[in-house]
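Residue numbers (the numbering used here): 769 to 1157.
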């Protein structure tokens, strides 16, 4: 038995059953074994430690079932997909099932979990879309060039110098413009799929086809006069071929033709409805093409470029109506003031006409620049995911 001296706190080892007084060898103090018995701290200290640990274990055990409601919120189908057998030898999973599970789990537009075949197919789709956007970009550039040729023709016509060959050149450029746009729309349709891709793409294809049908009817020789605004010195055939460049001007001059039909020789009758409808489909074609390119931009994860395409489509559809009002105001001023057809009036009229074609160039120019950016975005998609330094 271990005793502790009450005076100097020294430890003494004595027999367990002793009852005699004990003298401390260090300080010579005499004391009874009952007064110097050392306390047993181990048992008393272990019990509170055990008591403090048990609530922690109980809390941990209580926390485990709290996580079960999250798992129960999921559907039974998801739990079956996540649970995999411990031994694949008895319940193997085929490659198709594993690939389908990864495809369902990965987020949208994430190509990290694609197989090599799927990555190659997606890359090929972006390449086709890039070529389609590039052809559309070239077609818009040819449209700008044809408008420049028409402006040169009217500049000469202001001074009564007529070169009908300019109209033929503009028509030939317009024909190439339509062909490239049609091929570009077809390639973009085979590009990557995004919401709205098929809707806008099919709308663009239908508009291109109907516009081409009207152009074919316009160019086809007929017995009646085929020019709504025939040009002095130019043959009917050359004027018809000039309609291949654009018919948007008829959508802009139609308000003037309705208000002042045949006044002072400014307008020779009303523009044929055929030209008017062709101009409307030309405008609709440009609008749908740009909306389709916005879908390709979203497929490449470039939201800013998609918004630029949408704004270009809005400009192509709204600007002709605004220009039609401006043309009506200018020509109404000349007619109501009896300006006649002297040199000054002729200069004002031809300047207005050249301004109309220049405005059409300005309307299509945003589409021209944006189509180029879409082609670059499809060449190198997902650039927005790369951190910018």
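Cβ atoms here follow ideal geometry from the backbone N, Cα and C, with glycine treated the same way.
Is residue i buried or exposed, if buried means 16 or more other CB atoms sit within 10 Å of its CB?
i	result
residue 977	exposed
residue 796	exposed
residue 927	exposed
residue 1137	exposed
residue 771	buried
residue 988	exposed
residue 793	exposed
residue 1105	exposed
residue 979	buried
residue 883	exposed
residue 985	exposed
residue 785	exposed
residue 937	buried
residue 1008	buried
residue 776	exposed
residue 779	exposed
residue 1112	exposed
residue 967	exposed
residue 1059	buried
residue 969	buried
residue 1054	buried
residue 850	Here the model assigns residue 850 a pLDDT of 46, short of 50, so the residue's position is not dependable, and the following value carries that caveat. Exposed is the call here.
residue 1027	exposed
residue 992	Only weak support is given to the placement of residue 992: the predicted model assigns it a pLDDT of 43, under 50, and the value that follows is read from those uncertain coordinates. Burial call: exposed.
Could you pull the start and end residues of the beta strand (DSSP E) that residue i belongs to?
i	result
residue 1105	Unbroken run through residue 1105: none, as it is neither H nor E.
residue 1069	Residue 1069 -> no beta strand (DSSP E), and no H or E assigned at all.
residue 780	779 to 781
residue 1012	Unbroken run through residue 1012: none, as it is neither H nor E.
residue 789	Element bounds for residue 789: n/a, residue is neither H nor E.
residue 772	770 to 772
Grab the span of the alpha helix (DSSP H) containing residue i for me, first residue to last.
i	result
residue 971	965 to 987
residue 954	933 to 957
residue 1024	1016 to 1027
Using DSSP bridges, identify the partner residues of residue i.
i	result
residue 1073	Answer is none; residue 1073 lacks a bridge partner.
residue 798	791
If you pair each beta-carbon of the stretch 907 to 921 with each one of the stretch 884 to 891, do three or more pairs fall below 8 Å?
no
Check whether the stretch 1013 to 1024 touches the stretch 958 to 967, taking contact to mean three or more Cβ pairs, one atom from each stretch, closer than 8 Å.
no
Runs of 3 residues minimum, wholly inside the stretch 880 to 920: which ones carry the beta strand (DSSP E) assignment?
none
Inspect the CB distances between the stretch 1120 to 1138 and the stretch 1081 to 1092 and report whether three or more fall short of 8 Å.
yes
Contact between the stretch 1095 to 1102 and the stretch 1060 to 1074: three or more CB pairs below 8 Å?
no
For the structure I just gave you, are there three or more beta carbon pairs, one from the stretch 1045 to 1059 and one from the stretch 967 to 982, closer than 8 Å?
yes
Count Cβ pairs between the stretch 943 to 955 and the stretch 907 to 915 that sit closer than 8 Å; are there 3 or more?
yes
Every unbroken alpha helix (DSSP H) within the stretch 1041 to 1067, with a cutoff of 4 residues, ordered by chain
1041 to 1067
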